[in-house]
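Chemist: Chains as they are written, first to last, in my numbering: chain P, 46 to 282; chain V, 46 to 282. Here a beta-carbon is modelled for each residue, glycine too, at the ideal position from N, C-alpha and C. On a predicted model such as this, the values are computed, not experimentally measured, just so you know.
2 protein chains.
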Amino acid sequence: MNAGKQTKGERTKSLILETAMTLFQEKGYDESTMRNIAERAGVALGNAYYYFPSKEHFIHAFYERLWNEQLLAYEGVLEAESTLKRRLLGVLVAELRIIEPHHRLCLALFKSAADPRSPVSPFSEESRPLRESCIDFYRRLVEGATETIPPELKRELPYLLWLFHMGVVLFWIYDRSFGSIRTQKLVLHSADLIGNLVTLMSVPVMSPIRQRILNLIAAVKTEFLDETLPPLNPSQS
Amino acid sequence: MNAGKQTKGERTKSLILETAMTLFQEKGYDESTMRNIAERAGVALGNAYYYFPSKEHFIHAFYERLWNEQLLAYEGVLEAESTLKRRLLGVLVAELRIIEPHHRLCLALFKSAADPRSPVSPFSEESRPLRESCIDFYRRLVEGATETIPPELKRELPYLLWLFHMGVVLFWIYDRSFGSIRTQKLVLHSADLIGNLVTLMSVPVMSPIRQRILNLIAAVKTEFLDETLPPLNPSQS
DNA sequence: GTCTATAACCGGATAGAC
DNA sequence: GTCTATCCGGTTATAGAC
Chain P
46 MNAGKQTKGE RTKSLILETA MTLFQEKGYD ESTMRNIAER AGVALGNAYY
96 YFPSKEHFIH AFYERLWNEQ LLAYEGVLEA ESTLKRRLLG VLVAELRIIE
146 PHHRLCLALF KSAADPRSPV SPFSEESRPL RESCIDFYRR LVEGATETIP
196 PELKRELPYL LWLFHMGVVL FWIYDRSFGS IRTQKLVLHS ADLIGNLVTL
246 MSVPVMSPIR QRILNLIAAV KTEFLDETLP PLNPSQS
Chain V
46 MNAGKQTKGE RTKSLILETA MTLFQEKGYD ESTMRNIAER AGVALGNAYY
96 YFPSKEHFIH AFYERLWNEQ LLAYEGVLEA ESTLKRRLLG VLVAELRIIE
146 PHHRLCLALF KSAADPRSPV SPFSEESRPL RESCIDFYRR LVEGATETIP
196 PELKRELPYL LWLFHMGVVL FWIYDRSFGS IRTQKLVLHS ADLIGNLVTL
246 MSVPVMSPIR QRILNLIAAV KTEFLDETLP PLNPSQS
């Protein structure tokens, strides 16, 4: 295990990965067969499966790249903006900018990602590190915001914003408008609305409603977070 | 075309459909191969494909059965309940009761249904009749409710409730709690909350927030409804 | 138009030899 | 680690029978 140089296996693995990514970008996910990838990478089919047990395993690698790129852009937003409203808006706009070039690919991946049993589901055990890193980021976004936020709500907000962001991505996947303008509008309007709603929850009259909302969250929240989903049993039900 | 008796073709078709449904129920969707279905129905593989051009085509038939059963139960709720809150709660509880026995099957179907390009997506052109029938039902639910609802909001509410109901089903699909208790809690809390929020929107102070919400809806709404999605091109991207 | 039988294609996945 | 051969299941094609 020399630290500087990659082992042969590592080189083969990243060769296959790069080839897959290029091919996905060129021809889309469904059109890129495992045989294509292996052939183009100059390895045997079985060898590709040796490093990537299923075609879906390429997806996690793609996630991680995207997330690194996003995190980089998000840090800039947190430094530049101070209100919750503008931080949220900035982050969502940055996200859209980054993922838009991959719209077609994401549409194809979504078929796998939507399956709760798949390891590439955003709610899977395998996605936990990425998911927690993402919620953690929203925690920092909320902590640094200047608005007055009821503390019980503030505690839940990172999780809620993460969930909301998942909803935006879901909407974006289905969005066929030119340049995803519709999703951009959604982001614009809803960042604004969320900012208003959050501060509105501070006024005393809203106390009962706030409590109801918090109760709802408490009753329902653990889903996707605390529980361990059983691993995907390749072909089941 | 004699009205009373089915033609031979109709009989064969429903024989195949029944067999498929039974098999799905017994072994799950992925485990039931087209070869299984054909064999069990006592027809040739090609004959199954003659009536059901793809495996997914069985899904629409399944949808329709479920929706008929639901509609029947829902009518009873509308007759028995008068407030928006209780009507909504009654309908959602009835829905959960009806779909719960098919949890495993729905989980498997979801992989296809989640793909926006698939004809079995709830947002597809092929699903339009079912979708509109469902939104129409929510229209009647809202029309008959006794609460005072701001008219501009009332106009949008059927669509919003349909969307919300889709969200509940999505949550349910991911819900692994025993007997889907967590989804039941979600339904209980959120029907209550929605009832409160809707009437809250009538009070004058809420006017600006209400307007913001309506603007958001207007900016974003047409998605899934007015546009024609291109048909699924079997293997694309 | 309805149906059978059979073979074949394609692509994800696996087994087992080297 | 890497290969070849094979399985499996959705899907298609063909050619012909009723």
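1. If we call anything under 9 Å between Cβ atoms a contact, is V/Ser157 one with V/Ile239?
2. Once the 5 residues before and after V/Thr228 are set aside, which same chain residues still bring their CB inside 8 Å of it?
3. Any beta carbon from chain V within less than 9 Å of P/Thr267's own beta carbon?
4. Taking only beta-carbon atoms, is P/Asp237 less than 9 Å away from chain V?
5. Looking at C-beta atoms only, is the number of pairs between the stretch 82 to 93 of chain P and the stretch 127 to 139 of chain P that lie closer than 8 Å three or more?
6. Kindly provide the ranges of any alpha helix (DSSP H) runs that are 4 or more residues long and lie completely inside the stretch 80 to 137 of chain P, ordered along the chain.
7. When the Cα atoms are used, what is the spatial distance from P/Ile144 to P/Arg110?
8. In the structure shown, what three-state DSSP assignment does V/Val250 receive?
9. Please classify V/Arg162 as buried or exposed, where buried requires at least 16 neighbouring CB atoms within 10 angstroms.
10. Which of the three DSSP states is assigned to P/Gln51 in this structure?
11. Assuming P/Tyr96 contacts P/Ile61 (C-beta within less than 8 Å), just tell me the rounded distance between them.
12. With 9 Å as the threshold, decide whether the Cβ of V/Lys199 is near any Cβ in chain P.
13. What number of angstroms, rounded off, separates the C-alpha of P/Met46 from the C-alpha of P/Lys58?
14. Taking the straight line between their C-alpha atoms, what separation do you get for P/Ile262 and P/Lys53?
15. To the nearest angstrom, how far is it from the Cα of V/Ala159 to the Cα of P/Lys50?
16. Looking only at its own chain, which residues have a Cβ that is under 6 Å from the Cβ of P/Glu114, when we skip the five neighbours before and after it?
17. Report the option in P/Val187, P/Tyr74 and P/Met251 whose CA atom is closest to the CA atom of P/Leu154.
18. Within 10 angstroms of the Cβ of P/Pro164, are there 16 or more other Cβ atoms? Answer buried if so, exposed if not.
19. What number of angstroms, rounded off, separates the C-alpha of V/Pro174 from the C-alpha of P/Gly224?
20. Can you give the Cα-Cα distance for P/Glu170 and P/Ile180, rounded to whole angstroms?
21. Going along chain P in order, which residues have a C-beta closer than 9 Å to the C-beta of V/Phe287?
22. On the criterion of 16 or more Cβ atoms from any shown chain inside 10 Å, does P/Leu116 qualify as buried, or is it exposed?
23. Got a sec: is the Cβ-Cβ distance from V/Pro195 to anything in chain P below 9 Å?
24. Less than 6 Å between C-beta atoms, sequence neighbours within five positions excluded: which residues of the same chain meet that for V/Ser77?
25. Mind listing the chain P neighbours of V/Lys100? Cutoff is C-beta to C-beta under 9 Å, in chain order.
26. Cutting at 8 Å between CB atoms, please list the residues of its own chain near P/Ile254, excluding the five before and the five after it.
27. Nearest to V/Val138 by CA position, among V/Thr267, V/Arg257 and V/Lys230, is which residue?
28. What's the gap between the Cα of P/Glu188 and the Cα of V/Gly189?
29. Measure how close the beta-carbons of V/Met211 and V/Pro167 come, nearest whole angstrom, since I'm counting them as under 8 Å.
30. Quick one: is V/Leu277 near chain P, going by C-beta distance under 9 Å?
31. For a contact defined as C-beta to C-beta under 7 Å, what are the partners of V/Arg131 on chain P?
32. Between P/Leu198 and P/Leu259, which are expected to be in contact by the criterion C-beta below 8 Å, what is the C-beta distance as a whole number of angstroms?
33. When the distance is taken between beta carbons, is V/Leu233 closer than 9 Å to V/Leu186?
34. CB-CB under 7 Å to P/Arg149, same chain, minus the five flanking residues each way: which ones, in chain order?
35. By the criterion of Cβ-Cβ separation under 7 Å, what are the contact partners of V/Lys156 in chain P?
Modeler: In this structure, then:
1. no
2. Leu141, Val213, Phe216, Trp217, Asp220 and Ser222
3. yes
4. yes
5. no
6. 90 to 96 and 102 to 125
7. 11 Å
8. helix
9. buried
10. coil
11. 6 Å
12. no
13. Residue placement at P/Met46 is poorly supported in this model, since its pLDDT is 49, which falls under 50; the coordinates are not used for a value here.
14. 50 Å
15. 43 Å
16. Ile143
17. P/Tyr74
18. buried
19. 29 Å
20. 15 Å
21. Nothing in the structure corresponds to residue 287 of chain V, since chain V is present only between 46 and 282.
22. exposed
23. no
24. Leu68 and Phe69
25. Those do not exist, as V/Lys100 stays about 14 Å from chain P at its closest Cβ, beyond 9 Å.
26. Met246
27. V/Lys230
28. 45 Å
29. 7 Å
30. Any reading at V/Leu277 must be qualified, since the residue scores a pLDDT of 46, below 50, and its modelled position is unreliable; the value itself is stated next. No, its Cβ sits nowhere closer than 9 Å to a Cβ of chain P.
31. Within 7 Å Cβ-Cβ: nothing; V/Arg131 doesn't reach chain P, min ~16 Å.
32. 7 Å
33. no
34. Gly73
35. Lys156, Ala159 and Asp160
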